[in-house]
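**Q**
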Amino acid sequence: MCGPKKKRITEAELEVALDSRSDRPIYRILKEARIGIAGLGGLGSNIASALVRNGVGHLVIADFDVVELSNINRQVYTLAHVGMEKAPALKEILSGINPFCEIEEHVTRVTEENVQVLFGKCDIVIEAFDVPEQKAMLVNAVLEKIPSAIVISGSGMAGYGNANAIRTRIVNRRLTICGDGTTDVADGVGLTASRVIICAGHMASRAIELILNKESITKE
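Take 9 as the starting number for the sequence shown in the numbering used here and just add one per residue.
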């Protein structure tokens, strides 16, 4: 026996709902924002989820990898996504949260050569890679090749330790680094959902702060 037919949520209804959870009409501001995310693992997938839930209207997401069973402990994917390419899998998840978000997905390895093509129109580019060399490449390439963009990078979120050690550090007007700055998987310490999500939350929060408060894009 079939249950009652589900009512389709309209964009106007979602906008009212999102605005009702804030002390000011932020939806229209976030709706115009364009944010890029390079790397769609533990950091990138959780950051994307947070941004879409807050009403960010345009995302550019990029990753060449596929969802593996070992990703389930800290990434937003489900068992149904194992074996899928991460970019389309994440787009599917995000569209289920907010179908009115414009999501441009790229199944590709992000390199110094294609950074500008992928993220050239973004207000903010979020670095969410695993490998230190890739992190440095993305940060340096965006700062050099996309002068209008701000970079948010993650550094140090492995382990089981003190969550309060994960901080948001504003390096300069165009670069913010989130994490504890020390704990890395290479140290033999594993990754847990709790710490990864906390760091992802810092990064998503900083992105929203920058979009809503243009004056905060300064060194503190």
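In this text, a Cβ means the ideal position worked out from N, Cα and C, and glycines have one as well.
Can you check whether the CB of L102 is closer than 9 Å to the CB of A1?
**A** This structure does not reach residue 1, given that the chain is present from 9 up to 228, and the question cannot be answered.
**Q** Taking just the CA atoms, how far does R29 sit from S53?
**A** Using only the alpha carbons, I get a separation of about 23 Å.
**Q** Between the Cα of I127 and those of G63, L199, V159 and I80, spot the shortest distance and give me the residue it belongs to.
**A** For the sequence presented, residue 127 should be read as Phe rather than Ile. Residue V159 is the option with its Cα nearest to F127.
**Q** Keeping to the same chain, check which residues put their C-beta closer than 7 Å to that of K39; ignore five residues upstream and five downstream.
**A** Hits under 7 Å: G63 and G65.
**Q** According to the neighbour-count rule (16 or more other Cβ atoms, all chains shown, within 10 Å of its Cβ), is V125 buried or exposed?
**A** It counts as exposed.
**Q** Over what stretch of residues does the beta strand (DSSP E) that includes L148 continue unbroken?
**A** Note on identity: in this sequence residue 148 is Asn, with Leu being the wrong assignment. Note, N148: premise wrong, no beta strand (DSSP E); alpha helix (DSSP H) at P140 to K153.
**Q** Closest by CA to L98, which one among I132, G47 and R42?
**A** Measuring from the Cα of L98, the nearest candidate turns out to be G47.
**Q** Could you check whether the segment 162 to 172 touches the segment 77 to 91, counting it as contact only if at least three pairs of C-beta atoms, one from each stretch, sit closer than 8 Å?
**A** With a cut-off of 8 Å, the segment 77 to 91 and the segment 162 to 172 do not count as touching, because too few Cβ pairs lie within range.
**Q** With distances taken Cα to Cα, identify the nearest neighbour of R49 among R175, I37 and D73.
**A** For the record, residue 49 in the displayed sequence is Gly; it is not Arg. Checking every option, the nearest Cα to that of G49 belongs to D73.
**Q** I need the straight-line Cα distance from V60 to N148, nearest angstrom please.
**A** Computed Cα separation, rounded: 26 Å.
**Q** According to DSSP, simplified to helix, strand and coil, what is L220?
**A** L220 falls in the helix class under three-state DSSP.
**Q** Give a yes or no on whether the C-beta atoms belonging to I134 and G209 are separated by under 9 Å.
**A** No, the pair does not count as a contact, with Cβ atoms beyond the cut-off.
**Q** Just how far apart, CA to CA, sit S224 and T191?
**A** Summary for S224: the model assigns pLDDT 44, below 50, so the residue's position carries little reliability, and this model does not support an answer.
**Q** Taking L126 as part of the beta strand (DSSP E), name the residues at either end of that continuous run.
**A** It is not in any beta strand (DSSP E) - L126 instead sits in the alpha helix (DSSP H) that spans V123 to F127.
**Q** In three-state terms, what does DSSP make of E76?
**A** Three-state result, E76: coil.
**Q** Kindly indicate which three-state DSSP category G52 falls into: helix, strand or coil?
**A** Looking at G52 - three-state DSSP - the assignment turns out to be helix.
**Q** Can you tell me the Cα-Cα spacing of I105 and M145, whole angstroms?
**A** So the two alpha carbons sit approximately 31 Å from each other.
**Q** What do you reckon, are the CB atoms on E3 and L151 nearer than 9 Å?
**A** Coverage of the chain is limited to positions 9 through 228, which leaves residue 3 absent and any answer about it impossible.
**Q** Among all the DSSP beta bridges, which residues are the ones paired with L183?
**A** L183 is bridged to V159 and N180.
**Q** Between the C-alpha atoms of I7 and A171, what's the straight-line distance to the nearest angstrom?
**A** Because the chain in this structure spans residues 9 to 228, residue 7 falls outside the shown range and cannot be described.
**Q** So for V204, helix, strand or coil by DSSP?
**A** V204 falls in the helix class under three-state DSSP.
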